[in-house]
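In the numbering used here, the protein residues as written are 6 to 237.
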């Protein structure tokens with residue numbers, strides 16, 4: 006998401022350019038790399054102010070997972086995906102609301118948060134170029150396409166759906182699943198299993214209003230097997 010007074014919503018952005026911004030290598034909005042992605046748009050020479058999370062965050066893990074997948078320079082300088090990193094530049098805000106506040110109050114700012122925060126704080130956000138060459142928005146269609154790109158979880162049930170292959174033409178490239186971390190042994194295992202089963206089945210109906218797309222059926226099968234392992 007960004008705050009550039011007088012400039013339209015849904016500017017174009019790609020991964021390589023975004024990584025250079027968060028590395029501090031692109032410092033003004035009229036940089037040739039940004040202008041090339043947005044022909045015909047009048048971009049100001051305003052300095053770019055980077056906003057990022059100051060606390061540990063799954064959103065940061067998702068964002069840095071994307072940056073490390075599209076930028077060898079980011080991966081070598083900052084490292085792979087993590088819930089907290091040593092940011093090369095920028096100002097930290099606590100929580101997505103903190104980052105959204107910095108962006109909304111700072112002309113020239115750029116930051117990252119769940120799309121819900123951008124929409125409900127009336128902030129502008131980019132269309133991101135995916136591997137098929139298409140500029141996509143963080144809507145339900147783009148998230149679902151990304152979610153379809155990896156349905157074989159790692160041993161800890163994690164899935165990375167950033168920067169999907171080009172055959173997922175509609176995929177929004179900075180998408181993620183939301184995770185629940187629970188103990189496998191609990192004195193309230195029956196209640197826990199019941200609540201989690203509801204969340205991954207009937208509870209999915211509440212997602213779209215909050216910009217969460219329902220999980221694919223293949224992932225639901227994995228979830229149900231994991232829930233069954235919780236015992237008293």
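Just so it is clear, CB atoms sit at the ideal spot from N, CA and C, and this is done for glycine as well.
Going by beta carbon distance, what residues of the same chain come within less than 6 angstroms of residue i, once the five residues before and after it are set aside?
{"i": "residue 151", "result": "166, 169, 176, 177 and 180"}
{"i": "residue 201", "result": "232"}
{"i": "residue 171", "result": "136 and 137"}
Per DSSP, what are the beta-bridge partners of residue i in this structure?
{"i": "residue 190", "result": "236"}
{"i": "residue 55", "result": "115"}
{"i": "residue 129", "result": "7"}
{"i": "residue 134", "result": "140"}
{"i": "residue 148", "result": "The partner list for residue 148 (beta bridge, DSSP) is empty, contrary to what the question assumes."}
{"i": "residue 96", "result": "56"}
{"i": "residue 200", "result": "DSSP output for residue 200 lists no bridge partner at all."}
{"i": "residue 33", "result": "52"}
Which residues in the same chain as residue i place their Cβ atom closer than 7 angstroms to its Cβ, once the five residues preceding and following it in sequence are excluded?
{"i": "residue 32", "result": "52 and 53"}
{"i": "residue 10", "result": "112"}
So residue i packs on residue j, CB below 8 angstroms; how close in whole Å?
{"i": "residue 79", "j": "residue 42", "result": "Not confirmed; about 18 angstroms, so no contact."}
{"i": "residue 187", "j": "residue 235", "result": "7 angstroms"}
{"i": "residue 83", "j": "residue 90", "result": "5 angstroms"}
{"i": "residue 63", "j": "residue 184", "result": "7 angstroms"}
{"i": "residue 68", "j": "residue 87", "result": "Not quite, the Cβ-Cβ distance comes to about 10 angstroms (not below 8 angstroms), so this is no contact."}
Is the beta carbon of residue j closer than 7 angstroms to that of residue i?
{"i": "residue 218", "j": "residue 164", "result": "no"}
{"i": "residue 116", "j": "residue 108", "result": "yes"}
{"i": "residue 121", "j": "residue 216", "result": "yes"}
{"i": "residue 130", "j": "residue 154", "result": "no"}
{"i": "residue 205", "j": "residue 189", "result": "no"}
{"i": "residue 5", "j": "residue 105", "result": "Coverage of the chain is limited to positions 6 through 237, which leaves residue 5 absent and any answer about it impossible."}
{"i": "residue 73", "j": "residue 85", "result": "yes"}
{"i": "residue 35", "j": "residue 50", "result": "yes"}
{"i": "residue 55", "j": "residue 158", "result": "no"}
{"i": "residue 95", "j": "residue 127", "result": "no"}
{"i": "residue 237", "j": "residue 194", "result": "yes"}
Only counting the same chain, and skipping five residues up and downstream in sequence, which positions put a Cβ closer than 8 angstroms to that of residue i?
{"i": "residue 132", "result": "15, 16, 17, 18, 140, 141 and 142"}
{"i": "residue 59", "result": "97, 98, 99 and 103"}
{"i": "residue 13", "result": "46 and 129"}
Please decide whether residue i counts as near chain C, where near means a Cβ-Cβ distance under 7 angstroms.
{"i": "residue 26", "result": "Included in the structure is just one protein chain, with no chain C present."}
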